[in-house]
Structures are given as structure tokens and as C-alpha cells.
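Numbered per the working numbering, the sequence shown finishes at 334, counting up by one with no gaps. Quick reminder that beta carbons are idealized off the backbone N, C-alpha and C, glycines included. All remarks here apply to the structure that follows.
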Amino acid sequence: MKDKRTRERKSRPPRKHKRKILVHRVVAFVLVIAGICVGGYYLLCAANSSYLEIMQIQVIGSATTDTHMLDEITKPLIGQNILTADVNSLSNQVKKTLHTDQVRVIRKWPDTLIINAGDTSLVGAVISGGSVLYVDQNGHVLERASYLSNVNLPIVSGIPDVKKLKAHSSLPASNQEKLEDALAILSALKEKGFLGKISEIHWTKYNTYRIITKNNSVFEITGIDNFEKNKSYIETFLRENRSNVEVDLQIDHHAFMKNRT
Numbered sequence: 074m075k076d077k078r079t080r081e082r083k084s085r086p087p088r089k090h091k092r093k094i095l096v097h098r099v100v101a102f103v104l105v106i107a108g109i110c111v112g113g114y115y116l117l118c119a120a121n122s123s124y125l126e127i128m129q130i131q132v133i134g135s136a137t138t139d140t141h142m143l144d145e146i147t148k149p150l151i152g153q154n155i156l157t158a159d160v161n162s163l164s165n166q167v168k169k170t171l172h173t174d175q176v177r178v179i180r181k182w183p184d185t186l187i188i189n190a191g192d193t194s195l196v197g198a199v200i201s202g203g204s205v206l207y208v209d210q211n212g213h214v215l216e217r218a219s220y221l222s223n224v225n226l227p228i229v230s231g232i233p234d235v236k237k238l239k240a241h242s243s244l245p246a247s248n249q250e251k252l253e254d255a256l257a258i259l260s261a262l263k264e265k266g267f268l269g270k271i272s273e274i275h276w277t278k279y280n281t282y283r284i285i286t287k288n289n290s291v292f293e294i295t296g297i298d299n300f301e302k303n304k305s306y307i308e309t310f311l312r313e314n315r316s317n318v319e320v321d322l323q324i325d326h327h328a329f330m331k332n333r334t
């Protein structure tokens, strides 16, 4: 019995060792609490520091994105602390304004927000009376404005009865087909990244489309089929940024050019 008690006493850790373990635990706990307090203090200082005030907001991404459309959204953020700025709210507002689900807001320390905007569903703008209607490739009106706020989107003009789009009504069949062809052409150019180079697509009284570039060049085609047959030529022309040239492509695979004055 005595030997058994002796063994039990030997198996128990000494009281001094227990106290040492307890002291280590208390010290560790105090250090953790101190770290949290110091970190919180510096975080609070950073949140109120002018060094972290937002000084600029950059918009990158889709070529059809007009950064001026975001001015009203982004201006109130200038001067706010970059740590506490509500980037989720900003992202949602940008998605709604640009009609895209592909938006990412990045904090670039110490004073810059970067808005990376992806592809928008808009392909063109239709002028109807005193309003501008922004439409997708299916001719659906996604936004109305009192003036052309997105200058990076081409205007679709010359098609009769487009005012009916304002009331969500369908155009007469022949005019609906003209609009669908125009939007299909713009959608194809958008897919290749050239939509931002186009200023206008106009339906003429000669039953042709005139695709007018921002470099003051013009392609004249008869429709979507004619466009498809000459698409590679048009893309090369746009890629080279050629200017002040009028190109008649009504005869498939034959380009008749003349200088524009």
C-alpha cells in the first residue's frame, strides 16, 4: 500500500511546475489581449488618417465603358478613408449603371480605388424624340437618358418608327428587321473588340447601311449577309485605324474606296 502511494506522488507533477504552466498561460493571454488592443489602436488611427484618404478612382475594362457615366457615383467617395469606403455598394451601383454583372472594385494602397468593369450588354443608342434609348443586341431598351451620356456606344439612326421602342412596342416587321440587322452587325463588331471604334450605323434611303467610324471612315453594305462576307476586311481596316476613307462593299469581296474630304 505504501509503495502504491509513493508511485502516485511521483506521477503527479510538482506544484512548482503547475505554477509555472499557469504563469505561462496568463502571460500568453495578456500578450494576446495586448496585441489586440495595440492592433485595434493602430487600425483606429489608420481609419482616421488623411494618409489613407481616397484621392483618385480609375475605371478600366470594357472599351464601351464611358467613365463619365460613373462621375456621380464616384465623386462622393473622394476624400473618404480607403479602409472604410463601402466598395460593395459601389460595385452594385456600377453594375446597375453600366448594365454588367462583371464589376470588381480593388483598393490600391494608399489612396486609389480601381473599378474593373467587364462587358456590358448594351450595343447601341437610338435617338427617339428628345430621349436616348440604350439597347442590347435584341433591341430591348435597357436605359433611357435625356442626352447621349455614353459616347462610347454607336448611334443607330435612319430606321423609321424607332420611337415605338420607347413605349416597349414592336416596330413594323420591315423596320424591325432593319434594326435587328444593325444590332447584329454591332454585336459582331463588339465581339471582336471594335465597337468602341464605331460612331454610328445609319440606314439610308438607298436601302444600305453606312457604318461610320470615329476616324471618319465609312463602310457601305447592304445587310448582315453582306457584312459577314466582308467582316475580315472591315476588322483589318479597323485594326489599322485607317481614317478619312469611304469604302463601298456592296459587291461581295470587292472594296471600292475613295478619300473623304
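Item: For arginine 283, the first and last residue of its enclosing beta strand (DSSP E); Value: 282 to 286
Item: Arginine 177, DSSP secondary structure in three states; Value: strand
Item: Touch test, the region 145 to 154 against the region 204 to 215, Cβ-Cβ under 8 Å, three pairs minimum; Value: no
Item: Per DSSP, the bridge partner or partners of asparagine 189; Value: Ile133 and Arg177
Item: Residue from Ala101, Ser135, Val320 and Val214 whose Cα sits closest to the Cα of aspartate 266; Value: Note that residue 266 is glycine in the sequence shown here, rather than aspartate. Nearest option by C-alpha distance: Ser135.
Item: Whole beta strand (DSSP E) elements within the region 252 to 326, 3-residue minimum; Value: 271 to 276, 282 to 286, 291 to 294 and 318 to 321
Item: Cβ neighbours of threonine 295 in the same chain (closer than 6 Å, five flanking residues each side left out); Value: Thr281 and Gln323
Item: Distance between tryptophan 182 and leucine 268 (C-alpha atoms, nearest Å); Value: 33 Å
Item: Of the residues Leu163, Asp298, Arg177 and Leu259, the one placed nearest leucine 143, counting alpha carbons only; Value: Leu163
Item: Per-residue burial, lysine 75 [other beta carbons within 10 Å of its own, 16 or more giving buried]; Value: The predicted position of lysine 75 is uncertain, since its pLDDT is 49 and thus under 50; no value can be drawn from it.
Item: With 16 other Cβ atoms within 10 Å as the buried cut-off, status of leucine 215; Value: exposed
Item: Environment of histidine 275 [buried if 16+ CB atoms lie within 10 Å]; Value: buried
Item: Buried or exposed (CB count within 10 angstroms, at least 16 for buried), threonine 193; Value: buried
Item: Exposure of phenylalanine 102, with buried meaning 16 or more beta-carbon neighbours within 10 Å; Value: exposed
Item: Member of Gly203, Leu252, Thr309 and Ile188 whose CA lies at the smallest distance from the CA of valine 196; Value: Leu252
Item: Where alanine 246 falls, given that 16 or more other Cβ within 10 Å makes a residue buried; Value: exposed
Item: Top-ranked residue by Cα proximity to arginine 359, from Asn223, Ser219 and Leu125; Value: Residue numbering for the chain in the displayed model covers 74 to 334; residue 359 lies beyond these limits and cannot be assessed.
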